[in-house]
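Chemist:
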Amino acid sequence: MTAALSTPAPARPAPRQVRWLLRLHRPALCAWAVLVAGLAGALLWLWGPLTDAAATAWHDYDATCGRGRPCRYDQDAILRYKDVYQYTTMALLLLPFLAAAWAGAALTGREVETGTARLAWTQGVTPLRWLAARLTVPALLVAAGTALLGMLHHAAWSAGRGRVPTAKSWDDVPTFYTGGPLIAGLALAGLLIGALVGLLVGRSLVALCVSALSTAVLWIGVHTALPHLWPVATSVSGRRGFPSYSGIKVAEGIVTEGGAHRPVPTCTVDLSPQCQALNDRRGTVGFYIDYHPYSHRWPLQLASTGVLLALAVLLALAALRLLHHRTTTGGTRPGREGAAA
Amino acid sequence: MSAAAPALHRTVLRLHRTTLACWTLFVTAVLGWLGWLGGVSAPHIRHLETTCDPVRDLCNIPYLGWVYGERLGYVASVIGYGFLAVAAYAGGALIGRELENGTAALAWTQGVTPTRWLAAKLTVPALALTAGDGTLVAAFRWGWTPHRDLRLGDDWSFGGIFLARGPATPAYALCALAVGALTALLLRRTLPALAVSLGATGLLHLLLAHVRPYLWPRLTRTEPHPFELDNSAWEVARGRTAGGGHWATYHPPSHFWPLHLMETGIVLAVAALTTAAAFALVRRRTA
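Listed in order, the protein sequences are those of chains A and B. Just so you know, the numbering used here puts 87 at position 87 of the first sequence, and the rest follows in order with no gaps. So the mapping is simple: the numbering used here equals the position in the second sequence, first residue as 1, plus 341.
1. Whose C-beta lies closer than 6 angstroms to the C-beta of alanine 11/A among residues of the same chain, with five residues either side of it excluded?
2. Which residues bound the beta strand (DSSP E) around arginine 579/B?
3. In chain order, which continuous runs of the alpha helix (DSSP H) of length 4 or greater are located wholly inside the stretch 111–187 of chain A?
4. Kindly confirm or deny that the stretch 597–608 of chain B and the stretch 545–564 of chain B touch, where touching means at least three C-beta pairs closer than 8 angstroms.
5. Measuring CB atoms only, is the stretch 145–155 of chain A touching the stretch 127–137 of chain A, in the sense that at least three cross pairs come out at less than 8 angstroms?
6. Rank Leu544/B, Pro567/B, Ala426/B, Leu378/B by C-alpha distance to the C-alpha of histidine 587/B and give the top, closest one.
7. Quickly, what does DSSP pair phenylalanine 620/B with across the bridge? List them, please.
8. Give the C-beta separation of glycine 247/A and proline 293/A to the nearest angstrom, bearing in mind that I take them to be a contact with Cβ-Cβ under 8 angstroms.
9. Assess contact between the stretch 508–515 of chain B and the stretch 471–491 of chain B, defined as three or more Cβ pairs (one per stretch) separated by less than 8 angstroms. Is contact present?
10. If you measure beta-carbon to beta-carbon, which residues of the stretch 518–552 of chain B are closer than 9 angstroms to chain A?
11. Kindly indicate if chain A contains any beta-carbon less than 8 angstroms away from that of glycine 414/B.
12. Please list, in chain order, the chain A residues whose beta carbon lies closer than 9 angstroms to that of glycine 433/B.
13. Return the residue from the list Val201/A, Ala155/A, Ala159/A, Phe287/A that minimises the CA-CA distance to proline 181/A.
14. Any residues in the stretch 91–116 of chain A with a beta carbon nearer than 8 angstroms to a beta carbon of chain B? Which ones, in chain order?
15. Who are phenylalanine 287/A's beta bridge partners in DSSP?
16. Would valine 520/B and threonine 486/B be called neighbours here (beta carbons separated by less than 8 angstroms)?
17. Which one of Gln75/A, Ala316/A, Thr51/A has the shortest CA to CA distance from leucine 196/A?
18. Note down the Cα distance separating serine 235/A from serine 244/A, rounded to an integer number of angstroms.
19. Starting from the Cα of proline 533/B, find the closest Cα among Ile436/B, Gly501/B, Val478/B, Ala461/B and give me that residue.
20. What residues of chain C sit near cysteine 71/A, judged by a beta carbon separation below 7 angstroms?
21. Going by the DSSP bridge assignment, what does tryptophan 588/B pair with across the sheet?
22. Have a look at glycine 179/A and glycine 150/A and give me their C-alpha separation to the nearest angstrom.
23. What residues from the stretch 424–451 of chain B come within 8 angstroms of chain A, judged by C-beta to C-beta, listed N to C?
24. Do alanine 522/B and alanine 428/B have their C-beta atoms closer together than 8 angstroms?
25. When you compare only the Cα positions, how much space is there between tyrosine 61/A and isoleucine 78/A?
26. Helix, strand or coil for proline 533/B, going by three-state DSSP, please let me know.
27. Under the three-state reduction of DSSP, which class applies to arginine 492/B: helix, strand or coil?
28. Just the C-alpha distance for arginine 262/A and serine 272/A, rounded to the nearest angstrom, thanks.
29. Hey, would you say leucine 378/B sits closer than 8 angstroms to leucine 413/B, going by beta carbons?
30. Can you tell me the Cα-Cα spacing of threonine 352/B and histidine 325/A, whole angstroms?
31. Ignore the nearest five residues each way along the sequence and tell me which others in proline 599/B's own chain have a CB closer than 7 angstroms to its CB.
32. Just to confirm my understanding: we take histidine 350/B, look at its own chain, exclude 5 residues before and 5 after, and list those with CB closer than 6 angstroms. What are they?
33. Valine 478/B and arginine 438/B: beta carbons closer than 8 angstroms?
34. Excluding five sequence neighbours on each side, which residues of the same chain lie with their C-beta closer than 7 angstroms to the C-beta of glutamate 337/A?
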């Protein structure tokens with residue numbers, strides 16, 4: 001039985017699978033295309049005209065308001081920039097959840113629930129091929145769409161950096177996650193979580209909820225692990241000062257007499273007599289802060305995206321393995337027939 | 342027939358007991374969070390305020406207050422925008438699924454008229470939502486109204502806070518329920534109904550949030566020189582007069598209730614119309 005499953009099926013069914021899949025999910029495909037095009041348009045608008053208008057308005061503001069003259073600047077341009085930036089960023093943050101919910105409910109959960117998956121396996125499509133098509137095509141579309149949006153978001157944000165004083169800093173959490181390939185990694189992982197949960201649960205609405213919640217848990221995990229995916233920069237000061245840093249603070253603590261860095265929860269500066277006494281007692285000679293400056297932005301993005309891609313591959317393998325196990329040893333008759341056909 | 346209605350309500354409760362448990366858990370969790378914020382966190386900041394010596398102890402009360410306001414803002418968003426989940430649930434699990442897999446049609450052959458079926462399907466969640474949202478709104482008002490000086494980052498005009506402070510929250514939930522039912526009856530498929538119901542309710546809210554400041558007459562202030570409005574005012578527009586003066590239109594905080602009740606009324610009217618349309622549809626389709 002296993003041999004029957006793993007022998008490559010005739011080349012013919014594969015493209016037909018893809019065509020069926022695209023046909024079955026045509027509304028979702030259209031919705032995705034509209035969503036990506038709309039967001040890309042909004043981000044292009046933000047990148048060019050809106051950033052320019054906001055930068056000009058801030059320039060006018062600085063030139064007139066600060067010098068006792070009546071303020072003459074385009075406040076609407078500044079607010080429009082802020083609104084569009086906020087809306088597009090929030091929409092991008094929702095994409096991983098959308099991918100997970102859709103995959104759990106519509107891509108696999110529904111087909112297992114209604115039995116159309118088993119029906120398909122009796123029609124000359126092996127279960128593994130069926131699932132491979134269901135994972136590959138959406139994964140490509142989701143990854144391409146979100147990667148494009150992530151890069152556009154980063155370009156739009158970069159255009160305002162240094163020109164629009166109210167533009168978010170790079171370590172602002174939504175800005176960091178949406179600006180680059182990381183959002184594509186999250187969306188892809190979300191999609192595969194959804195596909196796996198749909199297969200496991202086999203009920204579309206339950207799978208929808210579980211997939212979206214699992215993606216939230218994954219996100220929390222990524223957020224916790226992120227600062228440790230790249231070596232930190234360290235800033236050290238003596239007892240009189242405090243270490244200067246920028247970007248993401250990872251850890252802080254005291255420098256002991258031996259030169260060792262020891263993380264401590266309190267009194268990381270000598271601002272009060274109590275802290276001074278405590279630091280005298282524990283032999284503090286200075287303070288340190290571990291942090292990620294702006295130059296670590298891309299390494300952090302790429303490292304976390306790499307981890308998520310690896311996770312996505314593992315999830316895909318788990319889904320394939322689960323289905324293989326179910327259709328060979330699980331003893332579902334239609335699956336066996338499909339494999340034998 | 343008289344015994345059918347309670348039995349039907351029991352069936353609805355039993356079928357959706359997981360959802361009911363989730364809703365109860367959600368309401369309890371939010372109440373707990375609010376209780377902690379208002380009963381533990383705020384008194385703690387107040388205590389620091391009276392005992393902390395800024396020269397000696399490095400007190401960070403403005404920061405603590407900002408965090409406190411931010412957390413209350415999250416609670417407000419969760420309460421105020423919860424209706425989006427209701428829309429998805431009503432379109433998908435409550436009505437859409439039963440029409441798709443035929444259990445609705447089966448029920449209609451078992452001595453339950455389609456109208457009664459729909460009434461039971463809407464009444465039970467409507468009661469649960471009104472009770473839960475009523476409790477949440479009361480608790481939010483208890484947590485939000487005092488400690489104005491601690492909430493440095495929020496304002497009464499913010500979307501979530503605006504909704505979570507009054508009957509607009511249950512009104513939106515009921516409207517989402519009705520929109521979900523109508524969408525599901527129109528589409529008769531679970532997942533499309535879920536998506537369309539969520540989208541339609543979200544759009545309705547976006548539209549209303551956009552027109553919100555225009556639902557009650559704004560006040561206008563005109564001055565010969567540039568001026569700033571009071572911090573509590575919700576500024577709607579600002580500009581220059583022909584004579585070179587400055588004007589601004591705004592809502593003072595006292596406009597909260599007229600604005601809020603106008604929006605609640607509109608939402609309830611939409612909910613009523615949508616419910617009527619759903620009943621008309623189910624009656625016509627099964628006639």
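Glycine is no exception: its CB is placed at the ideal position from the N, C-alpha and C atoms. Since the structure is predicted, the reported quantities are computational estimates derived from the model, not experimental observations.
Modeler: Let's see:
1. Residue placement at alanine 11/A is poorly supported in this model, since its pLDDT is 49, which falls under 50; the coordinates still yield a value, given next. Excluding sequence neighbours, alanine 11/A sits near nothing in its chain.
2. 575–581
3. 116–121, 127–160, 173–178
4. yes
5. no
6. Pro567/B
7. The partner list for phenylalanine 620/B (beta bridge, DSSP) is empty, contrary to what the question assumes.
8. 5 angstroms
9. yes
10. Thr531, Leu532, Pro533, Leu535, Ala536
11. no
12. Ala105, Ser204, Leu205, Leu208
13. Ala155/A
14. Ala105, Ala106, Arg110
15. Ser237/A, Ile254/A
16. no
17. Ala316/A
18. 6 angstroms
19. Ile436/B
20. This model lacks chain C altogether; the protein chains it does include are A and B.
21. Thr563/B, Gly580/B
22. 5 angstroms
23. Gly433, Ala434, Arg438
24. no
25. 10 angstroms
26. helix
27. coil
28. 20 angstroms
29. yes
30. 38 angstroms
31. Trp557
32. Ala461, Val465
33. no
34. A caution first: glutamate 337/A carries a pLDDT of 39, below 50, which makes its placement in the model too unreliable to give a value.
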